[in-house]
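Participant: Line order of the protein sequences matches chains V and P. Residue numbering for the first sequence follows my numbering, starting at 1 and increasing by one per position. Residue numbering for the second sequence follows my numbering, starting at 213 and increasing by one per position.
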Amino acid sequence: MRAGARAMAPLLPAVLAFGVSFGVLARAAGMGAVAPVVMSATTFAGSAQFAAASILGNAGTVAAAIVAAVLLNGRYAPMSVAAGPGFGGPTWRRLFTSQLIVDESWALAARGGGRFDVPYLLGAGLTLYPFWVGGTAIGVLAGDFVGDPERLGLDAAFPALFLALLAGQIEGRRGAAAALLGGVIAVALFPWAPAGVLIIVAAAACLIGLRR
Amino acid sequence: MSPVWTVVAAVGAATIAIKAVGPVGLAGRELPRPLAAVLALLAPAVLAALVVTQTAGDATRVLGVAAAAVAVLLRAPLLAVIVVAAVVSAGARALG
Chain V
1 MRAGARAMAP LLPAVLAFGV SFGVLARAAG MGAVAPVVMS ATTFAGSAQF AAASILGNAG
61 TVAAAIVAAV LLNGRYAPMS VAAGPGFGGP TWRRLFTSQL IVDESWALAA RGGGRFDVPY
121 LLGAGLTLYP FWVGGTAIGV LAGDFVGDPE RLGLDAAFPA LFLALLAGQI EGRRGAAAAL
181 LGGVIAVALF PWAPAGVLII VAAAACLIGL RR
Chain P
213 MSPVWTVVAA VGAATIAIKA VGPVGLAGRE LPRPLAAVLA LLAPAVLAAL VVTQTAGDAT
273 RVLGVAAAAV AVLLRAPLLA VIVVAAVVSA GARALG
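In C-alpha cells, the structure reads:
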C-alpha cells in the first residue's frame, strides 16, 4: 500500500487542482456548497461529476444529468471486473475498498497480462481521496467569491474539460471512432432531441466495439 | 428531494454499484468479451457528445472551446485547458 501511495504523490497537486475546479464550477452551476462535496465523497469519479454539474447548470433535466454521469461511469465496470480477483476480506470490506478504483489508481496498479496489484491500488486510491474531496471543499468555498460565471467564461470551462478528458480516454482507433460517431450523433440530434435522449443515442456509438 | 440532491444520490448509488461489480458481484468471474469491449467505448462516445451539447448555443463559448482544443493538442495540463477556455470566452464577451 505504501508503494501505491508513494507512486500517487507526484499526481496530488493536479488532483487537488482538479477537485478545486469541480468545487468552483459545481457551485457556479447552482449545486450549492454541500452537494458537490458529498458528491465527491460518494461518487469519487471526476468526469461523471463534471458531467452532472454541467448539465444541471445548463438548464438540463435531472434525468439527463443522471444518464450522462452513469453512462460515463459505465467504463468502471470492466475495470472493476479486471481488478476484482485481487480484492480480499468480507463483503462489506470489498464494497468499501472497491470504491477506491479510479482511473489513476487502476492504471498505476495494472501489472500487465490482466494482473493487478490491489494493495498498490488501495494505497494510491486512499492517498488520492482526501485531495479530491478536500479540493472540492476548497473550490466551493472559493466559489463564494466568484462573480457572474458567464462573465468569467466558466460555462466554456465544462466542454473544454470534457475535451481534455476525451483526449485522455481515446486509446487506439476504436476509441477515436466511438468519439467521432458520438460527436456526429450529438450534432445531428442537438437541434431537436432532449439532452437525455441525445446522450443515450450518442452513447450507443460504443456498440462499434462489437465489430471484430 | 431537490433536483441537485436527486442527482447526487442517484449517481452516487449507481457509481458505488458499478465500482463494486468486480470485487463484490462477480467474485473472480470475467465479463463476456463483447460486453467489455462495448463498455470501454462508452466514455469516449459520451464525452464527445457532451463536448457538443455543452459548447453549442453561444458563439463566444465556441471560441473558448476552440482555443481549449488547441491547448489539448499542445498537451497542456488539464487546469491550463480549462483556464484557456474561460479566459478566451470571457475576453470575447468583454469585447463583443
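A virtual CB, placed ideally from N, CA and C, is assigned to each residue, including glycine. This structure is a prediction, so every number in the text was calculated from the model and none was measured.
Tell me the rounded alpha-carbon separation between R75 (chain V) and A252 (chain P).
Facilitator: Here residue 75 (chain V) corresponds to residue number 75 of the first sequence, with the count starting at 1. Here residue 252 (chain P) corresponds to residue number 40 of the second sequence, with the count starting at 1. Cα-Cα distance, rounded: 5 Å.
Participant: With burial defined as no fewer than 16 other Cβ atoms inside 10 Å of the residue's Cβ, what is the status of R273 (chain P): buried or exposed?
Facilitator: As a working note, residue 273 (chain P) is residue 61 in the second sequence. Counting Cβ neighbours within 10 Å, R273 (chain P) comes out buried, since at least 16 surround it.
Participant: Below 7 Å CB to CB, which residues in the same chain sit around L71 (chain V) once its five sequence neighbours on both sides are set aside?
Facilitator: Position 71 of the first sequence holds residue 71 (chain V). Result list for L71 (chain V): I199, A203, in chain order.
Participant: Name the chain V residues that come within less than 7 Å of G224 (chain P), Cβ to Cβ?
Facilitator: In the second sequence, residue 224 (chain P) corresponds to position 12, counting from 1. Result: M39, T42, T43.
Participant: Is there a C-beta anywhere in chain V that falls below 8 Å from the one on V282 (chain P)?
Facilitator: Taking the second sequence and counting its residues from 1, the one referred to as residue 282 (chain P) is at position 70. Closer than 8 Å: no.
Participant: Under 8 Å between C-beta atoms, does A260 (chain P) make it to chain V?
Facilitator: If you number the second sequence from 1, residue 260 (chain P) lands on position 48. So yes, A260 (chain P) belongs to the interface.
Participant: Can you pull the chain V residues whose beta carbon is under 8 Å from the beta carbon of L286 (chain P), in chain order?
Facilitator: Residue mapping note: residue 286 (chain P) aligns to position 74 of the second sequence, counting from 1. Result: empty, since nearest Cβ-Cβ is about 11 Å, beyond 8 Å.
Participant: Go to A17 (chain V), then tell me how far its alpha helix (DSSP H) extends in each direction, as first and last residue.
Facilitator: Within the first sequence, numbered from 1, the residue matching residue 17 (chain V) stands at position 17. 12-28 is the span of the alpha helix (DSSP H), which, as asked, contains A17 (chain V).
Participant: So what's A33 (chain V) in DSSP terms, helix, strand or just coil?
Facilitator: Your numbering for residue 33 (chain V) matches position 33 in the first sequence. Reduced to three states, the DSSP call for A33 (chain V) is coil.
Participant: Using a Cβ cut-off of 9 Å, pull out every chain P residue sitting near T97 (chain V), in sequence order please.
Facilitator: Here residue 97 (chain V) refers to the residue found at position 97 of the first sequence. By Cβ distance, chain P contributes P235.
Participant: Starting from W132 (chain V) and walking both ways along the alpha helix (DSSP H), at which residues does that stretch end?
Facilitator: Here residue 132 (chain V) corresponds to residue number 132 of the first sequence, with the count starting at 1. 118-142 is the extent of the alpha helix (DSSP H) around W132 (chain V).
Participant: Among all the DSSP beta bridges, which residues are the ones paired with A283 (chain P)?
Facilitator: For the purposes of this step, residue 283 (chain P) is identified with residue 71 of the second sequence, where counting begins at 1. Partner(s): none; A283 (chain P) has no beta bridge.
Participant: If you draw a straight line from the C-alpha of M31 (chain V) to the C-alpha of V216 (chain P), how long is it?
Facilitator: Here residue 31 (chain V) corresponds to residue number 31 of the first sequence, with the count starting at 1. Here residue 216 (chain P) corresponds to residue number 4 of the second sequence, with the count starting at 1. The straight-line gap from Cα to Cα measures roughly 6 Å.
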